[in-house]
Structure formats: structure tokens, C-alpha cells
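Numbering (the UniProt record's numbering), first residue to last: 1 to 106.
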């Protein structure tokens, strides 16, 4: 693991001789999204020659994600993606939240 705090985990791994920077984040609805994006930006710049996969819940609304309107968080996130040439690969048809049932054994 390269970095972690309460809302971001960043790891580097190799798969079939290719380096991947894995970033997982959660941006609470009331927190400033720009803080998390600034941290992610630093790691993108540091590992710009790696394959980068960013996953997370940004609590941002944007028509790109299938919402009717965009909020300020959505604007920041879309601008961040445009500035870093990031493709958004999730599908508006898929659920935004997957729930896993707790299973108790014995």
C-alpha cells in the first residue's frame, strides 16, 4: 500500500508485467471533494506512466452518470476527469450501490 487515510486507499500492483495504480476513495457528501481530488492528482502525476484505475463513491451528480442535473461536486469531478484524460467507465443502467448480505455460519 502506498497511501491510505480515512477516505482514500492507494496501492501499486503488477499484472502480467504491467504496473497498475489502484485508487479507491469515498468522498462523504458534506466534505470538500477537492481535497480528495488533490490527493488523487498528486498520485496520478507521480505514476503517470502506469495504468491507473480509480474506483469510489464521489457523491457527485452529473448527466454523465445519468443524473438529470449536475451539482458542484459533479462539475469538479468532470473537470478533474477531463483535465487528466480519464474515461468514466461505469454505466448509468447499473446500480450505484451493491448490498452484500451478511451470512453467519454456525
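By construction, the Cβ of each residue, glycine as well, lies at the ideal position given by its N, Cα and C atoms. Everything numeric in this text was worked out from a predicted model, so none of it was measured.
Just the Cα atoms here: how many angstroms apart are residue i and residue j?
i          : j          : result
residue 72 : residue 17 : 39 Å
residue 35 : residue 77 : 12 Å
residue 82 : residue 43 : 17 Å
residue 27 : residue 55 : 11 Å
residue 14 : residue 49 : 13 Å
residue 6  : residue 68 : 30 Å
residue 46 : residue 52 : 11 Å
residue 84 : residue 70 : 20 Å
residue 30 : residue 19 : 34 Å
residue 3  : residue 25 : 11 Å
residue 59 : residue 12 : 25 Å
residue 64 : residue 37 : 18 Å
For residue i, which of helix, strand or coil comes out of DSSP?
i          : result
residue 70 : coil
residue 51 : strand
residue 18 : strand
residue 81 : helix
residue 39 : helix
residue 8  : strand
residue 44 : helix
residue 23 : strand
Any C-beta of chain B sitting closer than 8 Å to the C-beta of residue i?
i          : result
residue 10 : Here chain B cannot be found, since the structure has a single protein chain.
If I'm right that residue i touches residue j with Cβ under 8 Å, what's the distance once you round it to whole angstroms?
i          : j          : result
residue 39 : residue 8  : 6 Å
residue 22 : residue 33 : Actually they do not touch by this definition, with Cβ atoms about 20 Å apart.
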